[in-house]
Each structure stands twice: as structure tokens, then as C-alpha cells.
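Okay, structure first, notes after.
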Amino acid sequence: MRIGFRRFFNGGLHGNFYTLARTGDSVVTIDFDRTIGEGYLKGGDVYATTNQAVFIFKDGTPYTFYPLLKAE
Amino acid sequence: MSKRVSSYLIAKILSPFCSPIDEEYEKLMRVNINNDQQLIDLLQEYIVPHVREYDEESQEIIKDSLSYFIKSGNLNLERVFDAFHMPFEAPEDVSSFLNILWSVLFDDEPLRENSVSNYILDDSEGFVNSLYRKGYR
Chain G
72 MRIGFRRFFN GGLHGNFYTL ARTGDSVVTI DFDRTIGEGY LKGGDVYATT NQAVFIFKDG
132 TPYTFYPLLK AE
Chain X
4 MSKRVSSYLI AKILSPFCSP IDEEYEKLMR VNINNDQQLI DLLQEYIVPH VREYDEESQE
64 IIKDSLSYFI KSGNLNLERV FDAFHMPFEA PEDVSSFLNI LWSVLFDDEP LRENSVSNYI
124 LDDSEGFVNS LYRKGYR
């Protein structure tokens, strides 16, 4: 399996974090007003930047978050 | 009236597979999602109870997105799996995967009658996060 790679840019994340716990969902996406991360899609051939991040919760507890490279 | 849909909602349906912990990752990697029976067993164990926890309005939103992507064939599931760190290679037959997902979740209920042209793709935060667990709305 050739995995993708992604990282956040420096500068902090300033978004509508109230969304995170509002719905009780375990996967929450947040839009930012600037580009917040970059990476390569799986396979390593396609570089992309993003203004979205995804936050994952396990049993209601924050587990991980990372830049969300476009799924389209 | 046009309905909004998003490939990210397919990821949310499959969210028990997003960024699994190590033990789950190793277990899930052994499943062959190209085998119909293994896929059905997997979906019934992980996805059915997860989706049942969404409230009724959210279930309708899920049905819209799933119906759209089944009808349109317009889903790059490899990208979805990659974007949300799922431990599978994309299935060889995405259409079959989505149809099995629908039938496991909604039994004999038919797909939405809307034509593909009556849907709008919307990956915005406001729409993607419009699924609520029961009791949260």
C-alpha cells in the first residue's frame, strides 16, 4: 500500500471549533479561511494543499486530527 | 428542489474505519472487502450500529448522498479512503461496494427517486457536519 503524506503549516488553527462537539459525531471537518496544510495523495504523484482539517474522536474523546486533502 | 450531497458523508458513514487504533487496523487489514460476504459481515459489525445512532433527519441526508453516488458512479472511493486514513485499498468494484452498503443499511428500501441532475455536491463544513447523533440536535 503506497500511503499518502500530509502536514499542517505553521501559524496555528483558528476556526469554528464549537462544531467539534455539537453533533456528537466521531468525524468532524472544519473549514479555515486560509490554506492550513499540504500533502501528497496516496501514490505520491499528486501534491495538494487544503483549507480543511478533519478531527477524529474515539468514544467521545479527541483522537487525532490532520489536514483533509480533497477527496474528489 | 435540489438536494445536497457530499463524498465526505460517505466517509462519515464509514467513520468507524477512519484512523483506526493499531489493534483495529491490523484486524481490518485482514478483511477482503472485495469478497461480498466478508464485506457484508464487516459492515454489519461496524457500520450498521454506527449509522443507527444518527437521528432520523441525518439518516435521510445519508440516503440522499448514497443514492446519488450509486446512481451517478461519480465517487472516487480511493480518494475518500486516503483522505480519511482508512485501512483498505479501494474496492475493485465501487458500484458493488456501494450497493452492498445500501442494502446492509436500508434492506429493501429503494434508492431515492431524484435524478442525478437534481443533486448538488457540497463539501462545506456546514453541510458535511449536518449529521447528528440521536439526542444532540
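Chains as they are written, first to last, in the numbering used here: chain G, 72 to 143; chain X, 4 to 140. Where a beta carbon is used, it is the ideal one built from N, C-alpha and C, also for glycine.
Residues of its chain near residue i, where Cβ-Cβ distance is below 7 Å and the 5 sequence neighbours each way are ignored
{"i": "ALA93(X)", "result": "LEU80, GLU81, PHE84"}
{"i": "LYS141(G)", "result": "ALA119, THR121"}
Residue i (DSSP reduced to helix, strand or coil)
{"i": "ARG78(G)", "result": "strand"}
{"i": "ILE101(G)", "result": "strand"}
{"i": "PRO23(X)", "result": "coil"}
{"i": "ALA119(G)", "result": "strand"}
{"i": "ARG93(G)", "result": "helix"}
{"i": "VAL51(X)", "result": "helix"}
Residues near residue i in its chain [Cβ-Cβ closer than 6 Å; skip 5 each side]
{"i": "GLU112(X)", "result": "none"}
{"i": "LEU12(X)", "result": "SER68"}
Cα-Cα separation between residue i and residue j, rounded to whole angstroms
{"i": "GLY131(G)", "j": "ALA86(X)", "result": "21 Å"}
{"i": "THR120(G)", "j": "THR100(G)", "result": "15 Å"}
{"i": "LEU42(X)", "j": "ILE50(X)", "result": "11 Å"}
{"i": "SER75(X)", "j": "PHE79(G)", "result": "33 Å"}
{"i": "ASN94(G)", "j": "VAL131(X)", "result": "Reading off the sequence shown, one finds Thr at residue 94(G), where the question assumed Asn. Taking the straight line from one Cα to the other gives about 11 Å."}
Chain G contact for residue i (CB, 8 Å cutoff)
{"i": "SER22(X)", "result": "yes"}
{"i": "ASN37(X)", "result": "no"}
{"i": "LYS15(X)", "result": "yes"}
Chain X within 8 Å of residue i, Cβ atoms only
{"i": "ASN122(G)", "result": "no"}
{"i": "ILE107(G)", "result": "no"}
Where residue i meets chain G, residues with beta-carbon distance less than 8 Å
{"i": "ASN132(X)", "result": "THR90, ARG93, THR94, ASP96, VAL99, THR100"}
Beta-carbon neighbours of residue i, restricted to chain X and to distances below 7 Å
{"i": "TYR134(G)", "result": "SER22"}
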